[in-house]
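Let me begin by presenting the structure, written as C-alpha cells, before commenting on it.
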Amino acid sequence: MKDHITANELIELGVSLEGKEMTKLVDELNEKVNSMIGHEIVTSLTPEDVDALADMQDSSSDEEIAQWISEHVPDFEEIIEDNRNIVLGDFIDENDTINDDAK
Numbered sequence: 055m056k057d058h059i060t061a062n063e064l065i066e067l068g069v070s071l072e073g074k075e076m077t078k079l080v081d082e083l084n085e086k087v088n089s090m091i092g093h094e095i096v097t098s099l100t101p102e103d104v105d106a107l108a109d110m111q112d113s114s115s116d117e118e119i120a121q122w123i124s125e126h127v128p129d130f131e132e133i134i135e136d137n138r139n140i141v142l143g144d145f146i147d148e149n150d151t152i153n154d155d156a157k
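The following block contains the structure:
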C-alpha cells in the first residue's frame, strides 16, 4: 500500500527519530491510515461491490484495484486526505516530541 505519511513530513513536524525508529513510526502511522481508509471504503460500498473488490484482491494488481476503487468510490481522494489528516492530528496531539508550531 501507498505511504500517505513520510519521514520527511514527520521531521518537518519536529520528530527527531532516525533510522529504524523513524521507519517503524512511519510504517505504524501509514498502517493506521491505510486501515482507516480500507474501513471507510468497505462501508461505503454495496455488498455486491464489496464482493467484487474481495475477488480482485488475489488476482489484480495494486494499480487495477486502485482504478476500480476510484471508479466505485467517488470521494476516494477525500477519504484518503481526511484519514491522513486525522492520523497526523492525533499523532501531534499525543506527542510532546512535536514542536509547538505543529500544534
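Counted the way my numbering counts, the sequence shown spans residues 55 to 157.
Virtual Cβ for every residue (Gly too), placed ideally from N, Cα, C.
Buried/exposed call for residue i, threshold 16 Cβ in 10 Å
i       : result
Ala-106 : exposed
Ile-140 : exposed
Lys-157 : Only weak support exists for where Lys-157 lies, its pLDDT of 48 falling under 50; the value from the coordinates is given anyway. Result: exposed.
Opening and closing residue of the alpha helix (DSSP H) in which residue i lies
i       : result
Ser-124 : 116–126
Leu-142 : 130–148
Asp-57  : Where Asp-57 is concerned, there is no enclosing alpha helix (DSSP H), given that its DSSP letter is neither H nor E.
Leu-107 : 101–113
Sub-9 angstroms separation of residue i and residue j beta-carbons
i       : j       : result
Arg-138 : Ile-65  : no
Glu-102 : Met-110 : no
Leu-71  : Leu-79  : yes
Trp-122 : Ser-113 : no
Segment contact, 8 angstroms Cβ cut-off, at least three pairs: the region 85–95 with the region 126–134: Enough Cβ pairs lie closer than 8 angstroms, so yes.
Given 8 angstroms, three or more beta-carbon pairs between the region 84–93 and the region 136–146: Yes, they touch.
Segments of 4+ residues assigned as alpha helix (DSSP H) that fall wholly inside the region 60–89: The alpha helix (DSSP H) runs lying completely inside the region 60–89 and spanning 4 residues or more are 61–66, given in chain order.
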